[in-house]
Amino acid sequence: MEEVSAFYGAAWEACRTIPPGETRSYKWLANAAGSPRAARAAGQAMAKNRLVLVVPCHRVIGSGGNLHGYGAGGLDVKTRLLEMERDPARTH
Numbered sequence: 013m014e015e016v017s018a019f020y021g022a023a024w025e026a027c028r029t030i031p032p033g034e035t036r037s038y039k040w041l042a043n044a045a046g047s048p049r050a051a052r053a054a055g056q057a058m059a060k061n062r063l064v065l066v067v068p069c070h071r072v073i074g075s076g077g078n079l080h081g082y083g084a085g086g087l088d089v090k091t092r093l094l095e096m097e098r099d100p101a102r103t104h
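Going by this note's numbering, the first residue of the sequence shown is number 13, and it counts up by one from there.
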């Protein structure tokens, strides 16, 4: 298994606290991981996440509410996952 930095581990753990159907910014994630000025590093941590079913990185978005990359299928998949979490009855 690949070694990860303490910050990446903290960012992944913080991401796991985001409830389904909700989003948080990369800035929020950096702060929750203990490094308030490391929003870009938070984005890199999400990009390195290989456990997308455990660490729901699709719930992390830009400060302005805009979506950024999603390595597990692209922005269309990220959008769809967020929509499904917000309205579970609408899964088609």
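Built from N, CA and C at the ideal position, the CB exists for glycine as well. The structure presented is a predicted model; accordingly, all values stated were derived computationally and were not measured.
query	result
Ala-45 vs Ala-18 beta-carbon contact at 7 Å	no
Within 7 Å, strictly: CB atoms of Tyr-82 and Ala-57	no
Val-72 - partner residues in DSSP beta bridges	Arg-36
Own chain, CB closer than 6 Å to Gly-55, minus 5 neighbours either side, in chain order	Tyr-38
Whether Trp-24 touches Val-67 by CB criterion (7 Å)	yes
As assigned by DSSP and simplified to three states, the class of Glu-15	coil
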